[in-house]
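S.K.: Please read through the structure below; I'll follow up with questions.
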Amino acid sequence: MGRQPQGRDLPQPAAHPQGRAAQTVRAWTATARRVREEIGQEARYRHSIGVARTAERLAIAHGLSARRARTAGLLHDLARLWSKDRLLLEARRRKLPIDAFDLAHPVVIHAPVGAELARERFGVTDAGILSAIQKHTLGAAEMADLDAVLYIADAVEPGRVYDGRAAMLETALQDLDAGMRAVLESTLARNAERGLTPSPKTLACARAYGAVIPEELLHA
C-alpha cells in the first residue's frame, strides 16, 4: 500500500478558534486514514485528498462551509475502484435508481453508491454532502452550490494534469457558475473528440448552466 500518510499529507481543516484546532486536526487525520483503508489504493486516496483541499478552497472563496466541502471531497470516491458487477449489485441491493446510461456505463454508479457508503460507514447524515457525492460524476439539472463545488473540485484538483486545469480553477474561485460552465464545456468537448455520448444528466446540467454543447452531441 506504500508509505503511511504523514500529517502534512492529510487534508487539513481551516483555522479554528484556539483550543479546538488540535481536536479538529486529530479527527480529520483519523477520518482520512479510514478513507485510505477503505479505498485501498494510494493514487485514488491522493486524488481524494486533492479534491478535499480544492473543495475547501472553493467553499471558502464563495462563503460556503469548508467542513462540508472537505467532507464531501474526502469521501466522494469510496466506491470508485469497485468492479462494474459489484457496483450494479450494490446499487440494486440498495434499490438505487439505475437508468440506461448507468447500465451501459456502470462505473458512474460509484457516485450514488459512494453516497450510501458515506452514510453507512462514515455516519454522514448531512443531505447536502450526500447530494454532492451522488452528483459529482454526471452532474444534474439542479445543482446546489455544494454540488457544484465538488463537481468542479473533482475535475480541477492539482493531481489532474491537462491543459486548462489551473485556469478553470481560477475561474471557479472567482465565479462558481462560470467554473461549472468551464468544466462542463471541457468535459463535453473531450466527449465529442472521443466520440463518446454523454449522460442525459450531464447534458441537462450543461443546459442549466448555459454551457456550450458541441453540435455533434446534440444529435447523438
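Number 159 in numbering that gives the first Met the number 0 belongs to position 160 of the sequence shown; there are no gaps in the numbering.
Just so you know, even glycine gets a beta-carbon here, dropped at the ideal spot from N, CA and C.
Here the structure is a predicted model, which means the values were calculated and not measured.
Taking 7 Å as the cut-off, is the beta-carbon of MET142 closer than that to any non-hydrogen atom of the ligand MN?
M.R.: Looking at this structure, you won't find the ligand MN or any other ligand, since it has none at all.
S.K.: Helix, strand or coil for MET0 per DSSP?
M.R.: For MET0, the predicted model reports a pLDDT of 37, less than 50, meaning its position is unreliable and no value from the coordinates is stated.
S.K.: Are the CB atoms of ALA65 and ILE128 nearer to each other than 8 Å?
M.R.: no
S.K.: Check whether the Cβ atoms of ALA203 and ALA154 lie closer than 8 Å to each other.
M.R.: ALA203 is not a Cβ neighbour of ALA154, given a cutoff of 8 Å.
S.K.: Suppose contacts are defined by Cβ-Cβ distances below 8 Å. Is ARG56 in contact with GLY158 by that definition?
M.R.: no
S.K.: Taking the alpha-carbon of SER82 as reference, which of LEU73, ALA207 and VAL112 has the nearest alpha-carbon?
M.R.: VAL112
S.K.: Alpha carbon to alpha carbon, how far is GLN22 from ALA166? Give it in angstroms, no decimals.
M.R.: 35 Å
S.K.: Within 10 Å of its beta-carbon, does GLN133 have 16 or more other beta-carbons around it, so buried, or fewer, so exposed?
M.R.: buried
S.K.: Using the three-state DSSP reduction, which class does TRP81 fall into: helix, strand or coil?
M.R.: Assigned with DSSP and collapsed to three states, TRP81 falls in coil, not helix or strand.
S.K.: In whole angstroms, give me the CA-to-CA distance for TYR151 and HIS109.
M.R.: Correcting the residue type first, residue 151 is Ile in the shown sequence and not Tyr. Cα-Cα distance, rounded: 17 Å.
S.K.: From what residue to what residue does the alpha helix (DSSP H) around THR53 run?
M.R.: 41–60
S.K.: Which stretch, first to last residue, makes up the alpha helix (DSSP H) that contains MET179?
M.R.: 175–193
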